[in-house]
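Residue numbers (the numbering used here), protein chains in the order written: chain A, 4 to 290; chain B, 6 to 298.
Note that CB positions come from ideal geometry on N, CA and C, so glycine has one too.
All figures in this text were calculated on a predicted structure; none of them were measured in a lab.
Quick notes on the structure that follows.
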Amino acid sequence: MVNTLVQPQQRVDVDTLLTINTDLATKIMVGFIQDAVTKVGFSRAVIGLSGGIDSALVAFLAAQALGAENVLAVRLPYQTSSAGSLTDAQAVIDQLGLPALTVEITPMVQPLIDLFPDMDGVRKGNIMARQRMIVLYDQSADWKGLVIGTSNKTEVLLGYSTLFGDSAAALQPIEDLYKTQVRQLSRALGVPQSILDKAPSADLWTGQTDEGELGYTYAEVDRLLYLLVDGRYTVEEAAAQGFDRAFVERVWRRVRMNHFKRTMPNVAKLSRRSIGHDFLYLRDWAG
Amino acid sequence: MYLTVGLAQLYPKIGDVAANLKTHLAQIEAAKAHGVQLLMFPELSLTGYNLQDLVYEVAMQPTADNPIFRQLLEASGDYGMDLMVGFVDTDRRARYFIGAAYLSDGKVLHVHHKVYLPTYTMFDEGRYFAWGDAVRAFDTRFGRFGMLICEDFWHASPPYLLWIDRADLFLFHSASPGRGLDASDRLGSARWVQLVNQAYGSLFTSYILHCNRVGYEDGLNFWGGSTIIDPDGEIVCAAPMHEPALCIQTIDLNQTRRTRTRLPLLRDERTALMARELTRIIEEAPDRTLGAR
Chain A
4 MVNTLVQPQQ RVDVDTLLTI NTDLATKIMV GFIQDAVTKV GFSRAVIGLS GGIDSALVAF
64 LAAQALGAEN VLAVRLPYQT SSAGSLTDAQ AVIDQLGLPA LTVEITPMVQ PLIDLFPDMD
124 GVRKGNIMAR QRMIVLYDQS ADWKGLVIGT SNKTEVLLGY STLFGDSAAA LQPIEDLYKT
184 QVRQLSRALG VPQSILDKAP SADLWTGQTD EGELGYTYAE VDRLLYLLVD GRYTVEEAAA
244 QGFDRAFVER VWRRVRMNHF KRTMPNVAKL SRRSIGHDFL YLRDWAG
Chain B
6 MYLTVGLAQL YPKIGDVAAN LKTHLAQIEA AKAHGVQLLM FPELSLTGYN LQDLVYEVAM
66 QPTADNPIFR QLLEASGDYG MDLMVGFVDT DRRARYFIGA AYLSDGKVLH VHHKVYLPTY
126 TMFDEGRYFA WGDAVRAFDT RFGRFGMLIC EDFWHASPPY LLWIDRADLF LFHSASPGRG
186 LDASDRLGSA RWVQLVNQAY GSLFTSYILH CNRVGYEDGL NFWGGSTIID PDGEIVCAAP
246 MHEPALCIQT IDLNQTRRTR TRLPLLRDER TALMARELTR IIEEAPDRTL GAR
């Protein structure tokens, strides 16, 4: 008698692959923040606190890295921002004991918005994101602290961000974590429950949600992005893992179309040694 | 015979050789207090890792004429402590190498040039460096040693060559960027390196000393976790992950003989067969580039 043991061919368990050791992740990211801030002669940081999970997580990490008293939390509401965003951001400020500031951006952005009555939501959203950047960088000068970015891997890959707006920062501690992993780490670090529970939103208009706008859930697209990006799966191989082929193509096209947001502007090469081509030093060269 | 070794798991400052020399001398001082006879520093310990265009500024020659090496050589003589340091070597013909130098009693006993220059994913070493063209063991006052640098021991052949060249103790150093975060308490790169080092210890029935750096460069983290593996493939000591440390351990070199008596893999190794078959394989290889390297 032959005792056969034939294992069924299984799909890759992406949820398991996406699971991170939160202690190790925290250690690396806290060390990164400490290092990046201090090596250029700073000891403080500025974070735009939206009330959402990404900036809450970054605030937790930064407080651990630099001491809460060195992390300035800035709330930057627009007139249509939900009240919940402000109270959720306040919960983070209170829990960590952060110095905080609230700067209403409506009087800064409204004159521009009013100049163009036909302006769509995307334009308005971009103006708000860039205005928030201006306030944060101004606070950076006053507070003598670096602006810490709060972008995550999912939104940066999908281009769900504003160039020179929320993407502008001196360092990006969580940009290599998918939204699913941001959630996992945030739970582990004790981010307030109301923030963990609510639907992610750019909060530009009432009822807006990221997942509603994107047309799929973060959990779903993170599994796919993990295979395409981290796993180096082709579109065909990803589809063979059970994803709808049209969905795979749509997501991958979106990643490609938004690559300009992830790179520095192209420089026309003329000389023998050119910035952006062959004048190559680390950013840390300055530190 | 016992040997007290130190693994200086430090954080070199990118491009700042003077500052790094100070750090080295401080580690030597601290190690001396514990009777360290052999102190290892990580890959490119005097310069930092991802140098890019700084390569040409920090390059030096490992001789007493060089003010940096002069101080290290003096320290090795004054303290009676052998040193393995990492630096950028240059041959005065504008060729640059990732170098590991072994210093003993005021002299440079051996220099190894990194053979395997990773030039893929986040790595770009082949853009800046020439590859070393030799793998040689060398004699020290503690026995015959071999040195390799990071990617050199991601390939199986350099450790094998050192073994056949009569190295009985392997000095590996690296500047290994951490990657592969998952549910494990260690990064994928850390698990992989420890796995292969334990394999080398087991297969070559030899001590494997591995010194890795820590710190950050432009978002890359270096995971540390330096280890000593004994001739049975077991971990003798492991430095902490992601934190600077001077890890000091006295090892019993006689363990090599005891293990090899139990497990005579070296005695039974068929080097002539190996050489004959390798020659045949390269000559017959349809992919001729394999034979040319």
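- The count of Cβ pairs closer than 8 Å, one atom from the segment 181 to 194 of chain B and one from the segment 254 to 271 of chain A, stays below three, leaving the stretches out of contact.
- Distance from the CA of arginine 98 of chain B to the CA of leucine 51 of chain B, rounded to the nearest whole angstrom, comes to 21 Å.
- At a cut-off of 8 Å between beta carbons, alanine 135 of chain B makes no contact with chain A.
- Interface criterion met: the Cβ of glutamate 222 of chain B is under 8 Å from a Cβ in chain A.
- Contact annotation, isoleucine 33 of chain B with methionine 86 of chain B: C-beta distance approximately 6 Å; criterion of less than 8 Å satisfied.
- Among the CB atoms of chain B, none fall inside 8 Å of the CB of lysine 264 of chain A.
- Interface annotation, glycine 34 of chain A: in contact with chain B, CB-CB separation under 8 Å.
- The continuous alpha helix (DSSP H) containing valine 95 of chain A extends over residues 86 to 99.
- Nearest CB-CB separation between threonine 212 of chain A and chain B: not below the 8 Å threshold.
- Under the Cβ distance rule, phenylalanine 282 of chain A counts among the residues neighbouring chain B, one pair being separated by less than 8 Å.
- Taking 8 Å as the cut-off, the beta carbon of isoleucine 56 of chain A is found closer than this to the beta carbon of leucine 199 of chain A.
- The three-state reading of DSSP puts isoleucine 286 of chain B in helix, counting H, G and I together.
- Proximity to leucine 27 of chain A across A:Met111, A:Leu188, A:Asp225, A:Ile130 peaks at A:Leu188, based on C-alpha coordinates.
- Chain-ordered, the chain B residues with CB closer than 7 Å to the CB of aspartate 287 of chain A read Ile19, Glu222, Asp223.
- Boundaries of the beta strand (DSSP E) harbouring glycine 91 of chain B: 87 to 95, taken from the DSSP string.
- By DSSP's assignment, glycine 11 of chain B forms a beta bridge with B:Leu44, B:Ile253.
- For the segment 20 to 55 of chain A, the full-length beta strand (DSSP E) segments reaching 3 residues or more read 47 to 51 along the chain.
- Taking a contact as a CB-CB distance under 8 Å, the pair threonine 105 of chain A and arginine 78 of chain A counts as one, their CB atoms being some 4 Å apart.
- Nearest CB-CB separation between serine 189 of chain B and chain A: below the 8 Å threshold.
- Taking 8 Å as the upper bound on Cβ-Cβ separation, chain A lies near residues Gly183, Leu186, Asp187, Ala188, Ser189, Asp190 of the segment 158 to 190 of chain B.
- For serine 204 of chain A against glutamine 211 of chain A, the beta-carbon gap comes to about 5 Å, under 8 Å, which counts as contact.
- Of all residues in the segment 54 to 69 of chain B, the ones placed with a Cβ closer than 7 Å to any Cβ belonging to chain A are Asn55, Gln57, Asp58, Leu59, in chain order.
- For the pair proline 102 of chain A and leucine 75 of chain A, the CB atoms are nearer than the 8 Å cut-off.
- Setting aside the 5 residues that flank it on each side, glutamine 98 of chain A is surrounded in the same chain by Pro195, each with a C-beta closer than 7 Å to its C-beta; the list follows chain order.
- Checking the DSSP bridge columns, you'll see cysteine 242 of chain B partnered with B:Ile233.
- Just so you know, the alpha carbons of valine 22 of chain B and glycine 11 of chain B end up roughly 21 Å apart.
- Contact check for leucine 258 of chain B and glycine 151 of chain B: beta-carbon distance about 15 Å, past the 8 Å limit, so the pair fails to qualify.
- In the DSSP assignment, isoleucine 103 of chain B is bridged to B:Val93.
- Under DSSP, histidine 178 of chain B takes part in a beta bridge, and its partners are B:Ile154, B:Cys216.
- Residues of chain A whose Cβ lies closer than 8 Å to the Cβ of asparagine 25 of chain B do not exist; the shortest such Cβ separation is about 14 Å.
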